[in-house]
Amino acid sequence: MGENPQLNAKGELKHLLSLEGLPARILRHILDTADPFVESAQQESKKVPLLSGKSVFNLFFEPSTRTRTTFEIAAKRLSADVFNLNIGTSSQSKGETVLDTVDNLAAMHADMFIVRHSQSGAAHLIAKHVAPHIRVINAGDGRHAHPTQGLLDMYTIRHYKKDFQELRVAIVGDLLHSRVARSQIHALTTLGVPEVRIIAPRTLLPSHVDTFGVQVYHDMATGLKDVDVVIMLRLQNERMRGALLPSAQEYFKYWGLTAEKLAYAKPDAIVMHPGPMNRGVEIDSSVADGAQSVILPQVTFGIAVRMAVMKILAESQA
Amino acid sequence: MGENPQLNAKGELKHLLSLEGLPARILRHILDTADPFVESAQQESKKVPLLSGKSVFNLFFEPSTRTRTTFEIAAKRLSADVFNLNIGTSSQSKGETVLDTVDNLAAMHADMFIVRHSQSGAAHLIAKHVAPHIRVINAGDGRHAHPTQGLLDMYTIRHYKKDFQELRVAIVGDLLHSRVARSQIHALTTLGVPEVRIIAPRTLLPSHVDTFGVQVYHDMATGLKDVDVVIMLRLQNERMRGALLPSAQEYFKYWGLTAEKLAYAKPDAIVMHPGPMNRGVEIDSSVADGAQSVILPQVTFGIAVRMAVMKILAESQA
Amino acid sequence: MGENPQLNAKGELKHLLSLEGLPARILRHILDTADPFVESAQQESKKVPLLSGKSVFNLFFEPSTRTRTTFEIAAKRLSADVFNLNIGTSSQSKGETVLDTVDNLAAMHADMFIVRHSQSGAAHLIAKHVAPHIRVINAGDGRHAHPTQGLLDMYTIRHYKKDFQELRVAIVGDLLHSRVARSQIHALTTLGVPEVRIIAPRTLLPSHVDTFGVQVYHDMATGLKDVDVVIMLRLQNERMRGALLPSAQEYFKYWGLTAEKLAYAKPDAIVMHPGPMNRGVEIDSSVADGAQSVILPQVTFGIAVRMAVMKILAESQA
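If you want it as structure tokens, here you go:
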């Protein structure tokens, strides 16, 4: 267990780098910890003093206003001081290494780093490097992982479906480039979902998909048949222009989630999407805004889940 | 009254989108509410806890450091948490619609949006879309409106001239492209100013200026004659390069406010400008820095007026 | 003394613009004031309420994420509200002058400006212009000065060497373009260091170096001989591409600090660098990360020193 840099000697979560390697008890502990934050957000004041006096750094080597904002909100609601650093445009271009940047901020008495980087493994590298009292959260590294997204998805599924043990879940779209999907698959399996399906064109499947422990489908009709949860993936704009796909219209025709295709799923199936959505490409507006969509609740739960992760890390021992 | 999206069923201000359609009692209520904030700014601590625990989002689809800063200051002095989003460079470019962006931030439990957008009507669109508990302030939409600027101008005039009922006010310059001028004209008329004048070259007049209820002048000598208030408009740099104007020097010669031209106004006339100034283009430095200039007090009052608007909206019912 | 815009009529520090002209008692007072902040940073909550309710503006006409962040951290740990303005991309490009920008922010009840500008003298200009209750800190102006960097260097030297009276200090590298070096030399001399050495290639020496009161060396072996403190300067990337230097490799060979060259210094000599480092150019990694390096403590002390300067200025009289 000492080899997993996310866990301390007592097996408690110390950094959040990837959902892979996290046991079910830790996943459930995070989801449970998020519950009261979903409720406190309804109060007159949304703030709680758990991280008061702490310094949280949004260390974004790759820009992402949306993700940065969710962590900034979560940290400020916990009363932390938040510092936003878009490193792509600063010291990095002055030739400083990532670890030197991190060492400098640590020397300024940083308590927590939220790390976004285009290279897989960047958050791991930082977590292994920093002093024992500093905590690291991976906010997306290359194609590798985006664990808080995976966690908010699990929170959402548990909120609407209560129990993971009987579920059939389909993940649809660009599995090849998605750092979210791997986190989701691991978490779903760990939490006991008996049937996880992948629905994707062959050009958007990772080469080692057979090792994922999932069932692969190449059409929506059979793939969505009787599922409880449909998780749509975002199709990156740059993919649409590339050689992997004929066109956005063509993609929508075969893989876009419409009311007709959604009808293959169970009548009470929920529809999820990590955002931002490409309406009319991977999802039809009637579904995105429809009664089965839980896309906006995902966003709401995302703040609570990030607060929960920050609380757990801040209270963990080195 | 129910058709005005700015007002709730009781006729109270709920969003601030435009000064058009706002009755005099509401305008006066905002100005009165600003009074104590002008005074609290002189205190050792400038902060009051009125918006403590609230989340205010500066949602700038069009960049403006100055305007963004004024709202950020106002919100922080009210003890809110402030989140700055420059959307031009983020999700928008990922293909997400404005309303999806707004829905996402609302799902993160936003309480108030300060909206700046290059398209007229953007703030209205957002106000009509959001959940009932969310408040929207228009911080400038296309050529349409910039209501807090209009309000701070009214505050400034009332501060120096006490009573609107006897005033002669001249607005000078690029009426065609000014989103401030329309707000000003409406507010001045509503508050009872009997004589509002416009002084501008024909190429910088809106086509429907005859419907504004103002007197139009094409020279400074007669236009400024005996006025109590001179409101200079900013000449956008891009206009100077265009076909509408011969040159900055030429513009200054005819329309720039110099001490000589100001002498046509009443001896105690005040000079206003929304900033940032083009010295030597629409205004001479001797006037901008002169005894009759109230340009910097406008800025001071602008913070108090924005605090007042935020307070009123936060306390209003849906 | 009245002619030094940094000092008030009682000879107290009112602005921090340059270490030149500051007497030893003021330098020592700043270092003494920083002491408790080094300790408070170790506490559970790093925040103290000294600047609560104050508005501190990071007014960066030249971008610098690192320096901006250090001041933002210092101000927030003192409980101030901090506003970050990157002016290069805003009003400045709309034709507004620096002093108009400053006047506007002052009218918004700014209490303190942290100024970074590519032109020497910018912070002085602003300090002389602003109202008496406003305080100005120079965060780097052209090639002129970067006084808080100089102060944190003095704090570091005092921390490790206790007494300035017996020291031999060498400053190595690009003296020509360094705004840090001049501040350092003045401070070292003022605090009583008897021997300050400069080690640099002739092409990177300022023309009037003979007026600095230092000894100039053109090789590391004799220059570093028996020194107590080695201060390495950063080699700007742009210099390496210019005509002043043959290549980064060549520079490293002659002027880069390696373990071999460091052996010329006293065995307990400390190694300093203002960051960000170019490893393998002006400094070898074995030295940067070695036992004699105090480069990260410099960063830690830098926050405390900036807090100390802000406290002293905020408590000073006009």
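Residue numbers (this note's numbering), protein chains in the order written: chain C, -9 to 308; chain F, -9 to 308; chain B, -9 to 308. Just so you know, even glycine gets a beta-carbon here, dropped at the ideal spot from N, CA and C. Only a predicted model underlies this, so the values are computations on that prediction, with no experimental measurement involved.
{"Asked": "Please classify Q205/B as buried or exposed, where buried requires at least 16 neighbouring CB atoms within 10 angstroms.", "Found": "exposed"}
{"Asked": "Alpha carbon to alpha carbon, how far is S168/C from L225/C? Give it in angstroms, no decimals.", "Found": "9 Å"}
{"Asked": "So with Cβ pairs under 7 Å, would you call E86/F a contact of chain C?", "Found": "yes"}
{"Asked": "Does the beta carbon of K36/F come closer than 7 Å to any beta carbon on chain B?", "Found": "yes"}
{"Asked": "Tell me whether L21/C sits in a helix, a strand or coil according to DSSP, three-state version.", "Found": "helix"}
{"Asked": "So which of P196/F, K256/F, G265/F and T59/F has the shortest CA-CA distance to A160/F?", "Found": "K256/F"}
{"Asked": "M262/F bridges to which residues according to DSSP?", "Found": "I221/F"}
{"Asked": "In terms of alpha-carbon separation, which member of Q239/B, N(-6)/B, R133/B and M222/B lies closest to G163/B?", "Found": "M222/B"}
{"Asked": "Determine the burial state of L141/B: buried for a count of at least 16 other Cβ atoms within 10 Å of its Cβ, exposed for fewer.", "Found": "buried"}
{"Asked": "In the DSSP assignment, what residue or residues form a beta bridge with I77/C?", "Found": "Answer by DSSP bridge pairing: none, since I77/C is not bridged."}
{"Asked": "DSSP beta-bridge partners for L157/B?", "Found": "BP columns for L157/B are empty, so no partner."}
{"Asked": "Drop a sphere of 10 angstroms on the beta-carbon of A281/F, count the other beta-carbons inside from all chains shown, and report buried for 16 or more, exposed for fewer.", "Found": "exposed"}
{"Asked": "May I ask you to list, following chain order, the residues of the stretch 91 to 105 of chain F that have a beta carbon less than 7 Å from some beta carbon of chain C?", "Found": "D93, N94, A97, M98 and H99"}
{"Asked": "How big is the Cα-Cα spacing for G43/C and A31/B?", "Found": "10 Å"}
{"Asked": "Going by beta-carbon coordinates alone, are R326/C and E52/C separated by less than 7 Å?", "Found": "This structure leaves residue 326/C out entirely; chain C is present only between -9 and 308."}
{"Asked": "Between the stretch 20 to 52 of chain B and chain F, which residues of the former have a C-beta closer than 9 Å to a C-beta of the latter?", "Found": "S42, G43, K44, S45 and F47"}
{"Asked": "Determine the DSSP secondary structure at E250/C, reduced to helix, strand or coil.", "Found": "helix"}
{"Asked": "Nearest chain F C-beta to L252/B closer than 7 Å, yes or no?", "Found": "no"}
{"Asked": "Is the separation between the beta-carbon of H136/B and that of S197/B shorter than 7 Å?", "Found": "no"}
{"Asked": "Which of the three DSSP states, helix, strand or coil, is assigned to D131/F?", "Found": "strand"}
{"Asked": "Once the 5 residues before and after L165/F are set aside, which same chain residues still bring their CB inside 8 Å of it?", "Found": "A171, I188, A190, L194, L195, P196, V199 and L223"}
{"Asked": "Measure from the alpha carbon of P26/B to the alpha carbon of each residue in D216/B, I293/B, F103/B and L235/B, then state which is nearest.", "Found": "I293/B"}
{"Asked": "Could one say the Cβ of F61/F lies closer than 7 Å to chain C's Cβ atoms, at least one of them?", "Found": "no"}
{"Asked": "Given that a residue counts as buried once 16 or more other Cβ atoms are within 10 Å of its Cβ, and exposed if not, what is D121/C?", "Found": "For the record, residue 121/C in the displayed sequence is Ala; it is not Asp. A121/C is exposed by the Cβ-count criterion."}
{"Asked": "In this structure, does DSSP put I273/F in helix, strand or coil?", "Found": "strand"}
{"Asked": "Alpha carbon to alpha carbon, how far is L9/C from L49/C? Give it in angstroms, no decimals.", "Found": "20 Å"}
{"Asked": "Identify each residue in the stretch 264 to 275 of chain B for which the Cβ-Cβ distance to at least one residue of chain C is less than 9 Å, and report them in chain order.", "Found": "G265, P266, M267, N268, R269 and V271"}
{"Asked": "Using beta-carbon positions only, say whether L181/F and A97/B come within less than 7 Å of one another.", "Found": "no"}
{"Asked": "Take T212/F as the anchor and find which of R158/F, A238/F and A177/F has the nearest alpha-carbon.", "Found": "R158/F"}
{"Asked": "Determine, for V289/B, whether the minimum Cβ-Cβ distance to residues of chain C falls below 7 Å.", "Found": "yes"}
{"Asked": "Give the single residue among I273/B, R269/B and G265/B whose Cα lies nearest to the Cα of L247/B.", "Found": "I273/B"}
{"Asked": "At what residues does the beta strand (DSSP E) containing E185/C begin and finish?", "Found": "E185 to I189"}
{"Asked": "Determine, using beta-carbon pairs with one atom in the stretch 295 to 306 of chain F and one in the stretch 58 to 68 of chain F, whether at least three such pairs fall under 8 Å.", "Found": "yes"}
{"Asked": "Leaving out the 5 sequence neighbours to the left and right, which residues in its chain are closer than 7 Å to N(-6)/F when beta-carbon positions are compared?", "Found": "G11"}
{"Asked": "Buried or exposed: where does Y244/F fall if 16 or more other Cβ atoms within 10 Å of its Cβ makes it buried?", "Found": "exposed"}
{"Asked": "In whole angstroms, what separates the C-alpha of P236/C from that of T23/F?", "Found": "59 Å"}
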